[in-house]
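Colleague: Here you go, one structure.
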Amino acid sequence: MLSERFSKAAARNVFYGGSAIFLVIFVALTAHSHWYILARSTAHAELSESVIQGKLVFERHSCINCHTILGEGAYFAPELGNVWERFGGHESPEGARMAIGGYIRAQPTGAPGRRQMPAFDISDEEMDALVDFFEWVDGIDTKGWPPEISG
Amino acid sequence: MATAQPIQQPKYATQRVAYPFFVVALALFAGQVTFGLLAGTVYVFPHFLAEIFPFHILRMIHTNLLLVWLIIAFFGAAYWILPEETEQEIYSPKLAYIQLAIFALAGAAAVVGYMFGVHGGRHYLEQPLWVKFAFTVSFLMFLYNGTRTLIAGRKTSVSIILMLGLWLAAIFWLFAFYHPANLSLDKLYWWYVVHIWVEGVWELIMAALLGYLVIKLTGVDREIVDKWLYVIVALALFTGLLGTGHHYYWIGTPAYWQWVGSLFSTLEVLPFFAMLCFAFYMVWRGGRNHPNKAALLWTLGCAAVSFFGAGVWGFMHTLSPVNFYTHGTQITAAHGHLAFYGAYVMLNIAIMTYALPALRGRRPYNQILNMWAFWITTSAMCFMTFTLTFGGTVQVHLQRVMGMGFMEVQDDLVLFYVMRWGSGIAVVVGVLLLLWALLGPARREPEPGDLAAHERNAGAEPEPVGAR
Ligand code: HEM
Ligand code: HEM
Ligand SMILES: [Fe+2]
Chain A
112 MLSERFSKAA ARNVFYGGSA IFLVIFVALT AHSHWYILAR STAHAELSES VIQGKLVFER
172 HSCINCHTIL GEGAYFAPEL GNVWERFGGH ESPEGARMAI GGYIRAQPTG APGRRQMPAF
232 DISDEEMDAL VDFFEWVDGI DTKGWPPEIS G
Chain B
7 MATAQPIQQP KYATQRVAYP FFVVALALFA GQVTFGLLAG TVYVFPHFLA EIFPFHILRM
67 IHTNLLLVWL IIAFFGAAYW ILPEETEQEI YSPKLAYIQL AIFALAGAAA VVGYMFGVHG
127 GRHYLEQPLW VKFAFTVSFL MFLYNGTRTL IAGRKTSVSI ILMLGLWLAA IFWLFAFYHP
187 ANLSLDKLYW WYVVHIWVEG VWELIMAALL GYLVIKLTGV DREIVDKWLY VIVALALFTG
247 LLGTGHHYYW IGTPAYWQWV GSLFSTLEVL PFFAMLCFAF YMVWRGGRNH PNKAALLWTL
307 GCAAVSFFGA GVWGFMHTLS PVNFYTHGTQ ITAAHGHLAF YGAYVMLNIA IMTYALPALR
367 GRRPYNQILN MWAFWITTSA MCFMTFTLTF GGTVQVHLQR VMGMGFMEVQ DDLVLFYVMR
427 WGSGIAVVVG VLLLLWALLG PARREPEPGD LAAHERNAGA EPEPVGAR
């Protein structure tokens, strides 16, 4: 009985002590990752007012609940993290800007038997910001993900 | 079912506080699966509701109702368990009711708002700021109430781990208020809520509730349970914190996470395996033949299905070279469903199946119907998981290896979505049966147990739940 009591106390102490240690390691790695994101992986382009506004447009309409972005979100519609590249933004930035804006404005297609993306109330300025956001996201160093341009 | 089962009564008057929590939670559960089914319908009939409630609205209602009802059920479970564990009445039942009203009304307001396009833009955390604030206030009221109860009474491992889990859940929730403009940073801390909840601090709640159920249902010695509990929760936090790394592979975070995340998230299987062993070993060892067989079924089911949904299905796509291909596909949806269902849905249903007969002053009743609901819902959720897993495998191959376009690939997955839809209908039927079994009128049982009903009417001494 005594040994059992001892080992319960020991298990409890291991839990508290060990968890505290792992929490500290985790927070330290997060702090480093925070720095790394700012200084390295998203340092390719300035986080301009327009990019920030674009993110807010993206959020206001909850695009994330149909699409994924960097692989996170919903699985109903195409990945948007690399939509800039998919629309040819690397070769022809102006063309991609027109194409993405035009695509979004052309929704819904109403095509029978095809998933629908709703029409959104997005001003011209907001659309520009949204595309700036996609261009900025496309530049994030994602360690080579996605494997194919299809997203 | 034994003859002359005692009518169950809560041992402490304030355990009744749990009742409205459970009723509200179950109602929201019905709503959650209904909206899941509507979202699943859009996958099969793409124009369904497209004008009024587009897919994203259905989906955010589906996932938000899930989180809201699970948390309300956790609160209810805590109010049910704390008096028995601490041998103390709840500090303030009134505070509990106010707290429930705030949480439920804020949640309902959020859902109504979604229908009118009022929502935030980060999945699971779509609640408008004031709703997040109301949740926080309600949570703090709960923590105050629960902690006051705990401090005043006996401190068991079950009650300490339960309250610790709920405290930590509230603390990590605060990261929902942090909303950086940099998408990568946003994601970095978004997982502080989403991952650390389900694969960290909620596991503390899960271990505590399973521990409670096992003690009550099998009568095993508390000393042994306590030791297991500390081992389980230690495994959960040792692996789950750094295991967050399995979401830090491709979002702009450093490459070392591919090693750290792969290693520690693989080890995340251990706490779920430990809970599986714990539940089955204790039941095998314990001698008690508790009349509430359905509660035992849900308890063991929870331990088993969570091991498969979280452990096995989680491991399937957690190594970074695998996740490189499966990230954000139907494989993720398959895992998300079975993990949430097995771990947290089944856990809460187990507690409710155990507590509701006593809360309603009945014998453990409608056992057959409840067990039917168990088998229908559980097998349908498993089938849904299988079909999404197969669909996801095809998707990964075509889209991520062959490089075919997303929408083109989706056309090849229709069959899987039809099967998911079929299993979704079965889930909804199962859940409705469950609600009927738990909250509907008590069915007269064929055994001569009616004696018990007479005893109740005659005001006979109520039997405490799980009396030895
Ligand atoms: C208790 C049962 C259920 C639980 C715990 C549950 C949980 C979830 C969760 C956690 C998500 C987000 C998934 C992710 O991001 O990986 C989700 C999405 C979804 N669920 Fe459920 N769900 C349940 C029942 C159902 C049912 C019955 C259906 C009916 C078909 C359904 C259909 C869906 C759909 C279509 C999505 C969106 C997936 C996507 O983005 O493609 N769910 N559910
Ligand atoms: C009860 C415990 C668990 C629950 C409720 C759960 C739930 C979920 C959900 C809902 C997602 C989708 C998140 C999103 O919206 O992006 C997810 C993702 C993921 N889970 Fe779990 N999970 C659990 C345990 C585990 C475990 C133990 C592992 C590993 C062994 C694991 C591995 C993963 C991975 C690798 C992803 C990312 C998928 C992707 O890249 O798209 N999960 N989980
Ligand atoms: Fe995770």
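Chains as they are written, first to last, in the working numbering: chain A, 112 to 262; chain B, 7 to 474. The beta carbon of each residue, even a glycine, is placed where N, CA and C say it ideally should be.
(1) Which of the residues in the region 332-343 of chain B, read from start to end, lie with their CB under 8 Å from any CB of chain A?
(2) Can you tell me where the alpha helix (DSSP H) with L482 of chain B in it begins and where it stops?
(3) Kindly list, in the order they appear in chain B, the residues whose Cβ is closer than 8 Å to that of N193 of chain A.
(4) For Q94 of chain B, which three-state DSSP category applies?
(5) Who sits around ligand 3, taking every residue whose Cβ is closer than 5 Å to one of its heavy atoms?
(6) When every heavy atom of ligand 1 is checked, does at least one fall within less than 7 Å of the C-beta of L522 of chain B?
(7) Exposed or buried, which one is K161 of chain B when buried takes at least 16 other CB atoms within 10 Å?
(8) H145 of chain A CB to nearest chain B CB: under 8 Å?
(9) Secondary structure at V242 of chain A, three-state DSSP: helix, strand or coil?
(10) Assign E76 of chain B to one of two classes, buried (16 or more other C-beta atoms within 10 Å of its C-beta) or exposed (fewer than that).
(11) Between the region 324-334 of chain B and the region 179-195 of chain B, do three or more beta carbon pairs fall short of 8 Å?
(12) Which same chain residues, not among the five before or five after R171 of chain A, have their C-beta less than 7 Å away from its C-beta?
(13) S118 of chain A: which of B:W290, B:I357, B:V237 sits nearest, CA to CA?
(14) Quick check on W208 of chain B - is its C-beta less than 8 Å from some C-beta in chain A?
(15) Pick out whichever of B:G411, B:A386, B:D417 has its Cα sitting closest to the Cα of G436 of chain B.
(16) Can you look up E160 of chain A in the DSSP assignment and give me helix, strand or coil?
(17) For E259 of chain A, is the beta carbon positioned less than 7 Å from some heavy atom of ligand 2?
(18) Interface residues of chain B around D249 of chain A at Cβ under 8 Å?
(19) Going by the beta-carbon positions, is the gap between M352 of chain B and W304 of chain B smaller than 8 Å?
(20) How about L181 of chain A and I257 of chain B: do their beta carbons lie closer than 8 Å?
(21) Mind pulling the chain B residues with CB within less than 8 Å of D239 of chain A?
(22) Could you confirm whether any beta carbon from chain B is found closer than 8 Å to the beta carbon of S161 of chain A?
(23) To test your reading of the DSSP string, which unbroken beta strand (DSSP E) runs of 3 or more residues are found completely within the region 206-255 of chain B?
(24) Short of 6 Å in beta carbon distance, which residues of its chain neighbour A448 of chain B, apart from the five on each side in sequence? Order them along the chain.
(25) Quick test of your reading: Q38 of chain B and L71 of chain B, contact by CB under 8 Å. State the CB separation rounded to the nearest angstrom.
(26) Return yes when at least one heavy atom of ligand 1 lies under 7 Å from the C-beta of M169 of chain B, else no.
(27) Name the chain A residues that come within less than 7 Å of E132 of chain B, Cβ to Cβ?
(28) Within 8 Å (strictly less), CB to CB, does W442 of chain B reach chain A?
(29) Taking 8 Å as the threshold, find out whether the region 139-149 of chain B comes into contact with the region 201-208 of chain B through three or more Cβ pairs.
(30) To the nearest whole angstrom, what separates the beta carbons of W427 of chain B and T47 of chain B, a pair I think is in contact under 8 Å?
(31) By the three-class DSSP mapping on this structure, what secondary structure does P16 of chain B have?
(32) Output, in chain order, the set of chain B residues within a Cβ distance shorter than 8 Å of F137 of chain A.
(33) Give the residues from the region 58-83 of chain B that approach chain A closer than 7 Å (Cβ to any Cβ), ordered along the chain.
(34) Considering only heavy atoms of ligand 1, does any lie closer than 7 Å to the CB of Y49 of chain B?
(35) So is G133 of chain B buried or exposed if we call it buried at 16+ other beta carbons inside 10 Å?
(36) So that I know if they touch, is there some Cβ in chain B lying closer than 8 Å to that of Q227 of chain A?
Modeller: Reading it off the structure:
(1) Of all residues in the region 332-343 of chain B, those with a C-beta nearer than 8 Å to a C-beta of chain A are H333, G334, T335, Q336, T338, A339, reading in chain order.
(2) This structure leaves residue 482 of chain B out entirely; chain B is present only between 7 and 474.
(3) By 1-based counting over the first sequence, the position of residue 193 of chain A is 82. Against chain B, the beta carbon of N193 of chain A has no neighbour under 8 Å; the closest one sits roughly 11 Å away.
(4) Residue 94 of chain B sits at position 88 when you count from the first residue of the second sequence. Of the three classes helix, strand and coil, the one that applies to Q94 of chain B here is coil, per DSSP.
(5) That gives B:H201, B:E205.
(6) Since the first residue of chain B shown is 7 and the last is 474, residue 522 of chain B is not available in this structure.
(7) Position 155 of the second sequence holds residue 161 of chain B. Exposed: under 16 other Cβ atoms inside 10 Å.
(8) To locate residue 145 of chain A, count along the first sequence from 1; it is residue 34. Yes, H145 of chain A counts as interfacial toward chain B.
(9) On the first sequence, position 131 is the one that residue 242 of chain A refers to. Helix, per DSSP.
(10) Residue numbering aside, residue 76 of chain B sits at position 70 when the second sequence is read from its first letter. In the sequence as displayed, the identity of residue 76 of chain B is Leu instead of Glu. Taking every protein chain shown into account, the CB of L76 of chain B has 16 or more other CB atoms within 10 angstroms, so this residue is buried.
(11) By the Cβ criterion, the region 324-334 of chain B is not in contact with the region 179-195 of chain B, since fewer than three pairs of Cβ atoms, one from each stretch, lie closer than 8 Å.
(12) As a position in the first sequence, residue 171 of chain A is number 60, starting the count at 1. Nothing listed; no residue qualifies.
(13) Along the first sequence, one-based indexing puts residue 118 of chain A at 7. Taking the Cα of S118 of chain A as reference, the smallest distance to any Cα among B:W290, B:I357, B:V237 is reached at B:V237.
(14) Translated into positions along the second sequence, residue 208 of chain B becomes position 202. False, the Cβ-Cβ gap to chain A never drops below 8 Å.
(15) Sequence index remark: in the second sequence, residue 436 of chain B carries index 430 (1-based). Sorting B:G411, B:A386, B:D417 by C-alpha distance to the C-alpha of G436 of chain B places B:A386 at the top.
(16) On the first sequence, position 49 is the one that residue 160 of chain A refers to. It is helical.
(17) Within the first sequence, the letter at position 148 stands for residue 259 of chain A. Relative to ligand 2, even the nearest heavy atom lies 7 Å or more away from the CB of E259 of chain A.
(18) Start at 1 with the first residue of the first sequence, and residue 249 of chain A comes out as number 138. Counting only Cβ-Cβ distances below 8 Å, D249 of chain A has no contacts in chain B at all, with the closest Cβ about 11 Å away.
(19) The count along the second sequence starts at 1 and reaches residue 352 of chain B at position 346. The count along the second sequence starts at 1 and reaches residue 304 of chain B at position 298. Yes.
(20) Along the first sequence, one-based indexing puts residue 181 of chain A at 70. Along the second sequence, one-based indexing puts residue 257 of chain B at 251. In contact: L181 of chain A and I257 of chain B (Cβ atoms closer than 8 Å).
(21) The residue you call residue 239 of chain A lines up with position 128 of the first sequence. Contact annotation for D239 of chain A against chain B: no contact, minimum CB-CB distance about 17 Å [criterion: below 8 Å].
(22) Locating residue 161 of chain A in the first sequence gives position 50, counting from the first residue. No, S161 of chain A does not count as interfacial toward chain B.
(23) Within the region 206-255 of chain B, no run of beta strand (DSSP E) reaches 3 residues while sitting entirely inside it.
(24) In the second sequence, counting from the first residue as 1, residue 448 of chain B sits at position 442. In its chain, beyond the 5 residues on either side, R368, Y371 have a beta carbon closer than 6 Å to the beta carbon of A448 of chain B.
(25) Residue mapping note: residue 38 of chain B aligns to position 32 of the second sequence, counting from 1. Residue mapping note: residue 71 of chain B aligns to position 65 of the second sequence, counting from 1. Right, the Cβ-Cβ distance comes to about 4 Å (below 8 Å), so this counts as a contact.
(26) Along the second sequence, one-based indexing puts residue 169 of chain B at 163. Not so, every heavy atom of ligand 1 lies at least 7 Å from the Cβ.
(27) Position 126 of the second sequence holds residue 132 of chain B. Scanning chain A for C-beta atoms nearer than 7 Å to the C-beta of E132 of chain B yields S173, reported in chain order.
(28) The sequence position of residue 442 of chain B within the second sequence is 436, counting from 1. Not one chain A Cβ lies under 8 Å of W442 of chain B.
(29) In this structure the region 139-149 of chain B does not lie against the region 201-208 of chain B, because fewer than three pairs of beta carbons, one per stretch, are closer than 8 Å.
(30) Start at 1 with the first residue of the second sequence, and residue 427 of chain B comes out as number 421. Start at 1 with the first residue of the second sequence, and residue 47 of chain B comes out as number 41. In this structure W427 of chain B is in contact with T47 of chain B, their Cβ atoms being roughly 6 Å apart against a cut-off of 8 Å.
(31) What you label residue 16 of chain B is simply residue 10 of the second sequence in a count that begins at 1. P16 of chain B falls in the coil class under three-state DSSP.
(32) Locating residue 137 of chain A in the first sequence gives position 26, where the first residue counts as 1. The contacting residues are L247, L248, T250.
(33) Near chain A, meaning a CB-to-CB distance below 7 Å, the residues of the region 58-83 of chain B are P60, F61, H62, R65, M66.
(34) As a working note, residue 49 of chain B is residue 43 in the second sequence. Y49 of chain B: yes, Cβ under 7 Å from ligand 1.
(35) The residue you call residue 133 of chain B lines up with position 127 of the second sequence. First, the residue type needs correcting, since residue 133 of chain B is Gln and not Gly in the sequence shown. Q133 of chain B comes out buried.
(36) Taking the first sequence and counting its residues from 1, the one referred to as residue 227 of chain A is at position 116. It does: the Cβ of Q227 of chain A has a partner Cβ on chain B nearer than 8 Å.
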